[in-house]
Structure formats: C-alpha cells, structure tokens
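Protein chains: 4
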Amino acid sequence: MLKFSCDYMEGAHPEILRQLASINLEKNDGYGLDEYSHRAAGRLRELCNAPEAEVRFLVGGTQANAVVLDSILRFNEGVLAATTGHINVHEAGAIEACGHKVIPVDANNGKIDIESLERRLHLIKAECDVVGWEHYVVPRVLYISFPTEYGSLYTKDELKSLRALCDRYGLYLYADGARLGYGLASPDCDITLPELASLCDVFYLGGTKVGALFGEAVVVTNSSLSVPRGLIKQRGAMLAKGWLLGLQFDTLLSSATGKFEDTLYYSISRNAVAMAQRLGEGLIMKGYRKYLDSPTNQQFFIADNAVLPALSRVVAFDSFSAYDETHTVIRFCTSWATTQAQVDELLEQI
Amino acid sequence: MLKFSCDYMEGAHPEILRQLASINLEKNDGYGLDEYSHRAAGRLRELCNAPEAEVRFLVGGTQANAVVLDSILRFNEGVLAATTGHINVHEAGAIEACGHKVIPVDANNGKIDIESLERRLHLIKAECDVVGWEHYVVPRVLYISFPTEYGSLYTKDELKSLRALCDRYGLYLYADGARLGYGLASPDCDITLPELASLCDVFYLGGTKVGALFGEAVVVTNSSLSVPRGLIKQRGAMLAKGWLLGLQFDTLLSSATGKFEDTLYYSISRNAVAMAQRLGEGLIMKGYRKYLDSPTNQQFFIADNAVLPALSRVVAFDSFSAYDETHTVIRFCTSWATTQAQVDELLEQI
Amino acid sequence: MLKFSCDYMEGAHPEILRQLASINLEKNDGYGLDEYSHRAAGRLRELCNAPEAEVRFLVGGTQANAVVLDSILRFNEGVLAATTGHINVHEAGAIEACGHKVIPVDANNGKIDIESLERRLHLIKAECDVVGWEHYVVPRVLYISFPTEYGSLYTKDELKSLRALCDRYGLYLYADGARLGYGLASPDCDITLPELASLCDVFYLGGTKVGALFGEAVVVTNSSLSVPRGLIKQRGAMLAKGWLLGLQFDTLLSSATGKFEDTLYYSISRNAVAMAQRLGEGLIMKGYRKYLDSPTNQQFFIADNAVLPALSRVVAFDSFSAYDETHTVIRFCTSWATTQAQVDELLEQI
Amino acid sequence: MLKFSCDYMEGAHPEILRQLASINLEKNDGYGLDEYSHRAAGRLRELCNAPEAEVRFLVGGTQANAVVLDSILRFNEGVLAATTGHINVHEAGAIEACGHKVIPVDANNGKIDIESLERRLHLIKAECDVVGWEHYVVPRVLYISFPTEYGSLYTKDELKSLRALCDRYGLYLYADGARLGYGLASPDCDITLPELASLCDVFYLGGTKVGALFGEAVVVTNSSLSVPRGLIKQRGAMLAKGWLLGLQFDTLLSSATGKFEDTLYYSISRNAVAMAQRLGEGLIMKGYRKYLDSPTNQQFFIADNAVLPALSRVVAFDSFSAYDETHTVIRFCTSWATTQAQVDELLEQI
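Dropping the structure here:
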C-alpha cells in the first residue's frame, strides 16, 4: 500500500548506509569524541557561518528539546510555545518532566501570533512587576518550530520581529528544526541557514526526518549558553557509539562548494518538497480542498469523513484533527525518499 | 492605613493563640504524630461525614497542591485546571517542578466552562485513541478551586456535572479549598461540607486564610488514593512540630453540636463574607462598578486608572488585572478578622 | 513522664509567643516582604559581620537543605556529605528528589574524616580527568552539620582545613545549623558566628530546635550564590505570613550590645548545653557508659538492651542505633526549655 | 594501533547491517509498533521462557536503567546497588536526576556482598520500624549487574540468595545486562537465560556492547510491574524509527532451534569470552599480574605505572583505577568483533 502518513517511515539515505558499512569494523572512541563527530560539527559550524557555535548530536527530537530547554531554564523559568507546538502537545510532557512549564501562546497554522505574543509578554511583565516575579513562571525561552507542525514557515521579517521581542523581554529564541531541511529547501523560504543561526540562540537541524537513520544536531550560537555533556549523559541521551551520529551528519552535510545548497541534506530536502507540492497540486486537481497552504513537505486537506474508509484502503495518511462534525483534516507527508512514481501512483488511484 | 488587599494579613484568631500558649511547654511527639493532630483529623472526618478519609495537615497552599497532585500523577499524566486556576498562574510552576503538566481549560470568572471541558476531553480522547496516549499528556486529575480565585462558587449541580465528567473520563476531582470557609459560609452556597467531600476525591480545607497562623488540611476521601507521609517528608513539607497544625485545626473545627455550622471556622468565615457583602454593596452605592458578582470574601471592581493613586492613599487593595487601556480590575478582600468598623471607615473615606 | 527524646518537643520561648500575640491583628505584607523579616535579616547580617549576605527565612530544616542545595547544584553536580549526615540518612531522599546525588564520605562521630575526604576528592579528580567528568557526579558542595548529628563540633582548625579543601577542589561549603546555637554556645566551641559565616559559603541558623515555633534562617555569604525567591515559592517553601518567621528571629536575635552572646538565642542555647552536660555527668555517675563525648545538647550512651524497657517507663529517650547485639546507643536531648529540675528528677529516678 | 579499551568501539555485526540495508526503503510504522519489534519481542519471550513478559527496546544502558527504575520507584523509595555499580558511579547521577536515591552496598569485585546486604537490610528495617519509614529512603529495588563492572558473575546460588533476600524485604530484583551475552556465554556461568529471567523481576539484555549498533532489550517478567510507553516517550527515550531496534534484536536472537545457545547473540558472545580468556592467559604468561579473575570479556591487570606509557604506545586499554601509589589497575576488553589475530598480535607486541 502507498504510505504518506509521516516522514520517518524509511531507514536512511543509501549513502549513509554505505558510509556506515565502510567503517563498520573501525574502532572508534565512544560518546561523541570521535573524528567523525568532530568533522561533522565543523561542517555544521561552517554551513551556519558560526565558527564558535557549540554542536551536540542527539538521537531524537523530544530528547533534543528536553535537553536543550533543561540546559537553559532554571527555577521558576518557563518556555513559551505555540498552543500547537510540538513540546506543548506531542511530547508527553517531556519538558514538564524536567520541571519546566510550557506557556502556551496563540498560534495560526502552527505559527505564533506575534501580536498576541507581544500582548502576552507585556501583560506578564506588567503583572509580575507589581505582584512579584516569584509567584509566576518567568518566560525565558521562546520555542518555535521551523517549519511548524503545520508545514508553515516564518518569513525572515517575522523571525526578526520575534528576535526583537526576545531581546526586549530577555528571552532566548530556540528553533525546533526537526524538519529544518524541508523548510530551508522550500521555494517559499526567504531565509538562509546562516541567517537562521544568527537569529536564534540555539536550534537543531533534524536528521531523523531528513535522511538519517536517527539524529538531531543541536547548534548553540549564543556563547552564553551551553548544553553540557554531563547533562546529556545524566539524561540518558549520550549515545555510546556517538560516531554513528557524527558520520551520518558528516555525510548529509558534506558540500563540495561549502554551500548548504550543495549538501546531500539540501538536495534530498528539495526533492521531498517538490514531491509534496506535486502531490498537493494533484489533490487539488482531484477536487480535494486544502486546509492550509504549506510550502514544505506536509500537505493538509479537508476530507469528508464518509470518504475516509475508502481512501484508507488506497493510501496511509495521517488523521490530523477534526475539522468539523463531518470532516477531518488529513495530512500527507513526503520524505527524502519519496519518488515521483509514488506520488503519481497515488494521484492515479484516488 | 486601611488594608483590604488580601485575606492573610493578620495572625490567627485569638483563641488559637490562647490554645498555643496554654500547651506551649507541653512535650509533644513530632511530625504530626501527636494527640492534637489525631483529634483534629478525627473532627474533620466527622464534619465531612467521611469516617475513613485520610487527613494530612500541611503548612501552605502551594505546598498542599504540589504534594497532593504529586501523590496522584504518574508518568505522562497531567492535571486539568482553569486557565485562571491558582496552580496554572500563581504558584511559580510548582506542579511542573514536580514533573507534571497543568493543562489549561477555558474558564469564566474563575469557574471552569463545563461545556468547553467536555469538548476538550472528548477531543483529547478521540485524538489519543488514534495516535496513542503515549505521545500526549493524559488528563488524570481535574483541579478546581472552591471558591475560585475570582470568589465565585460552583453550584451543587455544576459540581455534579464535573463529577460525572470525571467519572466518564477516568479523572480524579481535586478541590483547592484555600478559602473553603468563605465558600461554604456564603449565603449563595448550596452545598454542604459532607456533600463536597463526597463529590471530590481529595480536597483541602484552608487555614492560612481562614483564622489560622498557617495550615491546610488535606482530606482524601477516595480510598484508592493516599498522600504518603514519606512524600510529605521528602518534599520538605513535614512540620517538625506538627501539633501546631493539629491544635489550630482542632480549635477551628471544634463544634459543640458536631455540626460544621457551629465551628469557629464557620462562624469567622461567615463574618468575613458578611463584611465583604457590606463592602461590596457600599462601593456600589458610592458609584463603583462591579466587575463580577462574588458571593464570598473577595469583591472585584472596575476602577478608572486615574483614580487609583488617590484611592491607594486611603486603602490598600489589590490591582488584580487590567480591564482595558484606562481601567483596572481591583480587588478588596475581607478576612475572618475584618470588623464592621473597618468596612464602614473605608466606605466613609472613599 | 520525663521526656528527653529530642529538642523540638516544646512550642516556643514565651517571649516569642508574647511578641506574636502583640502584633496579632496588625496587617502585614505577605511572603516575607514585611518589616519584621527585614529587621531580622538585618540583625543576622550584623551578628555575622556579613553586611552583604542574603538572608532567607524558611520553615524547616529538610526544606532549607533541599532549597539551598537545589539553588546551587546543576546538571551532574552533587553534594558530599558524611555517611551519617542528615541529608544522607534522615531526609527521605529530599536532595535526590530535587535531582541531586548525595555522595557519602567517611565520618567519625558525625564529623567528616578530613583525610578520607581529601583522598576521595583526589581520586575523583584523577579518575574524572581521565575518563571525562560527564560520566560522573561532580562534587560541587560539601555539606557539614554544626553541631553534627552526634552532637560533635568541628574545631576552627578543622573548618579551615575543610575550607582549604573546598577551595582546592572548587567546592562550596554549606553548614546545616539546625542546632547551631547549641554548637556556638558550647564551652568547647572555638569559633564565633562571624568566623563560621566567613568560612562557609552558605549556612543556616536553626530556629525550630532553638526556641522558635519553627523556622530556619539561611545566610548566603558568598555573593556569587543566591537562593532565589522564585525557587522558594516553586517548592512550596514560601510562607504566606512570612512575618511569623521574621518576628521570631527578630526576637531571638535582638541584642542590646550587638553581640551574639547577648541574644536570647545564645542564652537559651547555653542553658540547653549546660543542662545536657549536667545530665551527661549525672548519668556517668550513675554508671552509664558514654558512647562519645558530645559538648552540645545531645548526649549519647550505651545501654544494655535488657534495661531499656524499665528505662522507657521512666523517661522518653531516643534509640539512636544498635551498638552491638545486646546494646543500644541511646540519646538524651535537652532543649532551650529544659530545666534543672527536670534533669535532676531524671537523675533521681534512674 | 591495537585497541582493547572497551567493548563498544565497533559498529554492528555485519549481518545486522545487511538486514538494515535490505529493508531500508520499506515504510514502517514508527515508535516500535512495527512488525520487527513485535517479532523480536516474541523471540525474546520465548528464549526467556516468559510468554507473558513485557519487552521494551531502548537505545542505551543509562537510559534503560533510568527508565526502568523510574517506572518502579515512587516517593521516598530507593534502589540498592553495589558501591561500584554502574548506576552509582558511571551514569552521572541519572537515577538521582529522576528523583531516586541510589543506596550503596558493600561489594567485592563488583558483586554485592550478600552478608553485608543482609545486615544492612536488617538494620534499615529495625531503625525505620522504630523511627518511621517516612524519614528514610525505603529500599525497594536491588540493582545488580550481570556480569558486573568487574567482569565477575553471580552463581546461581548467589542469585537465589539475593532473590530470597528480596522476597523477605519486599524488594524487586533488577539485573543490568549491558554485557549479558558475555556473562551467559562464559564457561563459568551456571545459570541459563530462562533461569535468570525467572529470578529477576526485570532485567535487560544489552545490544550496544554485544553486536548491535545500539539497543537494549528490557524484559519485565513480574506482571505487577510495567515500563509504560508514556514514560519512555516522556523521557525522550522512544526511538522514532523503532524498527531499527526491533530488526537488530530480531537478527541477534534468531535461533533455528529455538535455543538461546543457537542465536547469533550467543555465538558472538562466546567468541568474545574466548578471546578474552586467551588474552588473559597470554598476559599472565608475559608476567602480568591479574587483579581479579574475570570469566567474561573484561580482563583486569595490575600494571606498574612506569610501564604504562610504553604500553600505551602499543595498545589502547582502560586505566580502570589506582591500585596503589605506583600501580594501576588496567582493563582489556574484547568484543563480539575481536579476532584471534588481534589478540595474538597484542601478545606478540608486548
């Protein structure tokens, strides 16, 4: 059966498997102190134009979010996130399990409503200045996802506005880049990797959903922050064979020209986005109604509940949320591995 | 200056000080294993008509909420609370610091919107049944405050509806009774202490704001729940001289007739409510505009920001929240110690 | 029955009750922002000759230890303590519940074995420098109690040695002073309060066991440390009526001359120590065998298990630990409230 | 250079890489709900003769220990472990970071001293029964490692004694099997996998050190225990592409005969042990002094510090601990990938 339900259904890009096989019996130092990890970190710093950035390779996204936020937040500090943000709804309370409150902020199509955020920050400050901050959770980090859980992208101007808000209210800006490649490779994206890196204090570039077997690369560009190795180990997030992460990112991020656009990571991301756009346009031609415009690898449609059973027999998709009593928002995902043949077959069959 | 800014500005009811002085040099066993604590727990069980209930005396409200919820919640379970609920906004993230998410629910005047809650629970269940509960925070407790942070009261019917929702969705019902006396002694209250006790799985009867120097009495009526002494100790919440708590509640809850209405706790609560109503009516007569109807010891008004400085010179009140650009919601509180002379003086001066 | 089982069996020094009664109906600001707390903090800074120290009043000892250590330790850092230290054995794992390991160190009669500690720190450093600190718990605080759980006292020279070790290995020195008065008022004590304050980075002066109803005064002398009010609130450790703490310490620490030796705290401590010495000497005269020399308010004896039942009928004491198969170490405590008549009655009856 | 410093320096057994490549572009369900994980869990249950056991596949050992223990321990409960146990010394305080104390117990060559443990449990119970368990950390789990960190093995009789102690004192028995294969495949091992499974309440069979790229298989045989998927997700320990774990264990645990001795896991473990014995005997022949007898894949020797630099130029080994001022305990590890040629080359060169 055709499967478009998510973007982590396949293994890894074949080049990664080749590389893993080629060094399989090499004896490497453990815990990320190997040369592949070192090299991959260097590549990432170069691609980000952030020569002093701290790079940490972790296994998964929830783990990355929890470790990064736990490294920053202290005492009664918390993290602001869209109500629809991954850390607020899909991580089983992982941030709270570290002791930190996620403060929900209004969002549209996955993106934080900047005016609403501004009002909220203004209000919190006004109230806390009077009553005393010790009674409240003090916002210290603004969490965004890029692209968002709805496949949408912040524009460069929006990111600058968020950055300005962060500066005004003493917040760190943290971008969850589980699908970062699918954002940066979108034709609608008006920001480069170095620009994103300089606007954020910390972000991660996701591998699990973009060509790797697993792995997320955390980049800390604000030199006053750090994700200590001791914290990573303590939270059970330090991979013994850390070179498995290093080698994968080294493979994904190699670039003959030194440009991000010439990495394997970028080219496979671009493919996924192109396939998603083809799929989206095709579905519209077939009469499907778009739920929102997504310029990345996720496509959202409104489907009549009556047609869902038949559709399910043809293709695996994701029932994202209820739209109304008789309709459902459904999601189709492409990935680095999606082929045009697969998309066309789907369009033919439905 | 006159002070009506909150209900914990005075020490304790004089009878409590007398009792404390009378046993001051007695040698009592520590950690709540004394006869006064034993006796007070017994009285409370009787007044609640809950002979098997577990009773724990704790020092403060945030501590009580944290210890109670931490005793119930496990793994990825969380607690539902009104967006305006004390645990969601005024406890510095104490529940999250124990590892548990507070899931905000729409509220009106401090009371959870029952229809909204029902939709929310339905939606969560529908989504989790499909995606898998392990990715979400599973609601396990419904937190309400009685009276609420806005002085409002749930009716008996509303509490029954909440109870029914809890039963349908496998939730425990927990009532924060920091101002429980001011609720139960309100003329608008249509529920008794035993009825409340039987509708909730656990609640606390507050002393700090109702006549005691400090202290909250947790009552666990659901026999499948327990707040272990080991947890209390581990969280630094076990008072060495536990009899100080026991004696205070024993004093507050003594009743010649065995009826709650004949306790000191009830009579001083009734006084506070009467004074609050007198104050509220007086302010309306003076032209102040009510923000909402509160039948308990807190009164909320909408004041023009221009008059606040002058008002502040006459009386201490609480700037509760912004109403609009030019008005503020202000709060006046009475307490067990408020006298008619104080209220009348305030009404005279403004 | 006579009771010498611990030093927190009575209420408070009568002068404290008088003061509480005298301001009972005053309306004070909450959460420790009142004038009594302000004044008490000032007195304590003066008595410690630490004009810049941060002072926090907390309710109990376990709470104080947990809040203080949690304010300092991060990530994989831990606290060194004597195997017999209160945080290691008698606090139900309160420090671990905050996420921090207590690293046990060999001790004699409650005092850390300095040579053993030095070897331990040397070894940890040697090992971690090779393997990588991220795999270990990094010692960051040295916890001592003064007096210790066995009533013993570190000499000034010993404290200087510990301080030097802390400086060499990058540790903070924290003294648990639950019974600080009984230590400083001991004729065997060769250190003053200002000296202790300057040798430690943070310590607390205990009230619960020394004349107060409850309360511990945390003094942070190292200006790079702080116990944030937001942490105190978050952990449920912020007393609503904070002036109850302030007033008690203000009463205990008033001194006409400005000298610690002229405070109520010191004079009642001295009484307890004198009574303990009288009791200890009396028991030796009666043929009891000392377990160790304690120059403070706790006295430890080795009793034949066969005599314990009879002894228990005369006096309440504490069965501290097993000595051997047929003997038990028992403890007698005096307190600020112990009278010579009580001691003499005990000596007469046994 | 020759490397014998640890047993996780190589990738995976080539058969695992082949399997991963063969299904690389298959689309699998995420989060461990795939058929490979299902099949591997089934195999493990069969091999353990525990048809009802719960099986969870996790990424690493520290993660497995933390998740398992956090699933069991509540409130003021703690876990007993050898002072040299991995959770006590080499996991950066991961268990404490979950809120639980590790209670150290005397050990010899990595094995818990059973008599000492018995005395300790007896003492704790005696003391807590008198003083009240709420002041202590209540032992609830006994953690052992099999083989231990020193390569040693408990005999079946010793395990039965530990089991009996656990039953007597209400403890769960948990075995850390990071190197389980190297234990069960040792000629000195007198226990089978099903026997181990039936003696423990929960244990894990390690993959990271025994042929897998990564992965540990937790087996919960006590039906009153469970490691909830929600906890795994919340702690960032749920691998998105869970089939990577399932497929690896399915490969390692396939057995034509259904017998553990015919699995790839067993045969590669046996090789490692054989190589280690060859290495150990060879070093003795060369005049090296054994530190202890290890019947598994780790070999410990006492080396003069003066020879370490030269030795380091020939082979990478592990400086395990100081033996005395002039000698060091060094460790050589073999793994599933170690060849006889490598061992013989080492023996030739030193």
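Chains as they are written, first to last, in numbering that gives the first Met the number 0: chain A, 0 to 349; chain B, 0 to 349; chain C, 0 to 349; chain D, 0 to 349.
Note that the Cβ used here is the ideal one computed from N, Cα and C, for glycine as well.
When the options are compared against residue i, the one with the closest alpha-carbon
i        : options                                   : result
LEU204/A : ALA11/A, GLU14/A and VAL217/A             : VAL217/A
ARG55/D  : ILE71/D, SER36/D, LEU46/D and ARG73/D     : SER36/D
ASN270/A : LEU57/A, PHE213/A and VAL342/A            : VAL342/A
LYS26/C  : THR295/B, VAL314/B, GLU324/B and ALA184/B : VAL314/B
GLY176/B : GLY29/B, ALA96/B, THR295/B and ASP303/B   : THR295/B
TYR168/B : GLY214/B, LEU244/B, GLU51/B and ARG119/B  : ARG119/B
ALA91/A  : SER4/D, LYS110/D, ASP189/D and GLY235/D   : GLY235/D
LEU278/A : LEU170/A, PRO308/A, PHE316/A and SER253/A : PHE316/A
TRP242/C : GLU34/C, VAL67/C and ILE113/C             : GLU34/C
SER225/D : GLY29/D, VAL66/D, LYS155/D and LEU16/D    : VAL66/D
ASP156/A : HIS134/A, ASP189/A and GLY131/A           : ASP189/A
THR333/D : SER318/D, GLY286/D and ALA273/D           : ALA273/D
ALA174/C : LYS232/C, LEU158/C and TYR265/C           : LEU158/C
GLU133/B : THR337/D, GLY229/D, THR61/D and PHE145/D  : GLY229/D
ALA163/B : GLU117/B, SER253/B and ASP6/B             : GLU117/B
GLY31/A  : TYR149/A, PRO193/A, ILE231/A and ASP105/A : ILE231/A
C-beta contact flag for residue i and residue j at 8 Å
i        : j        : result
GLY59/B  : THR207/B : yes
ASN75/C  : ILE94/C  : no
ASN23/B  : GLY10/C  : yes
THR257/A : GLU45/A  : The residue asked about is misnamed: residue 257/A is Gly in this sequence, not Thr. Against a cut-off of 8 Å, the Cβ pair of GLU45/A and GLY257/A comes out as a contact.
ILE111/B : ILE143/B : yes
ASP128/C : LEU172/C : no
LEU238/C : SER185/C : no
SER352/D : PRO227/D : Because chain D in this structure spans residues 0 to 349, residue 352/D falls outside the shown range and cannot be described.
ARG139/C : LEU161/C : no
Close Cβ partners of residue i (< 6 Å) along its chain, the five nearest in sequence each way excluded
i        : result
LEU263/D : LEU251
ASN87/D  : ALA80, VAL101 and PRO103
GLN348/C : VAL313
THR220/B : ALA49, ALA52 and ALA196
PHE248/A : ALA39 and ALA216
LEU1/A   : VAL314 and LEU345
Partners in chain B for residue i, counting only beta-carbon separations shorter than 7 Å
i        : result
TYR7/C   : GLY29, ALA239 and LYS240
GLN353/C : Absent from the model: residue 353/C. The displayed extent of chain C is 0 to 349, so no value can be given.
Residues that residue i contacts on chain D, provided the C-beta gap is smaller than 8 Å
i        : result
VAL137/B : GLY229
Contacts that residue i makes with chain D (C-beta to C-beta distance below 7 Å)
i       : result
ILE86/A : Ordered by position in chain D, no residue passes the 7 Å Cβ test against ILE86/A, which lies about 11 Å from the chain.
Amino acids of chain C, ordered along the chain, whose beta-carbon sits closer than 8 Å to that of residue i
i        : result
HIS99/A  : Under the 8 Å cutoff, chain C gives no residues; its nearest Cβ is about 11 Å from HIS99/A.
ASP146/B : It is Pro, not Asp, that sits at residue 146/B in the sequence shown. By Cβ distance, chain C contributes nothing, its closest Cβ being about 17 Å from PRO146/B, past 8 Å.
ALA236/B : GLN62 and GLY235
Under 9 Å by beta carbon: chain D residues contacting residue i
i        : result
GLU353/C : Any answer about residue 353/C is impossible in this case: the structure gives chain C only from 0 up to 349.
Within chain A, partners of residue i - CB distance below 8 Å
i       : result
ASN23/D : GLU9, GLY10, ALA11, PRO13 and LEU16
Contacting residues, own chain, Cβ-Cβ under 7 Å from residue i (five flanking each side not counted)
i        : result
TRP335/C : HIS12, VAL209, GLY210, ILE267, SER268, ASN270 and ALA271
THR325/A : ASP303 and ASN304
Residues that residue i contacts on chain C, provided the C-beta gap is smaller than 9 Å
i        : result
VAL328/B : Residues of chain C passing the Cβ test: none, with the nearest at roughly 20 Å.
Query raised in the report: According to a CB-to-CB cut-off of less than 7 Å, which residues of the region 67-87 of chain A neighbour chain C?
Result: PHE74 and ASN75
Query raised in the report: Going along the chain, which residues of the region 104-132 of chain A sit with their C-beta nearer than 9 Å to a C-beta in chain B?
Result: LEU122, ALA125, GLU126, VAL129, VAL130 and TRP132
Report task. Below 9 Å between beta carbons is the criterion; list the residues of the region 197-212 of chain D that meet it against any residue of chain A, in chain order. Result -> THR207, LYS208 and LEU212
Requested in this report: Could you name the residues of the region 170-184 of chain A whose beta carbon sits closer than 7 Å to any beta carbon of chain B, in the order they occur along the chain?
Outcome: none
Requested in this report: Compile a chain-ordered list of the residues in the region 313-325 of chain C whose CB is closer than 8 Å to at least one CB of chain D.
Outcome: SER318, SER320 and ALA321
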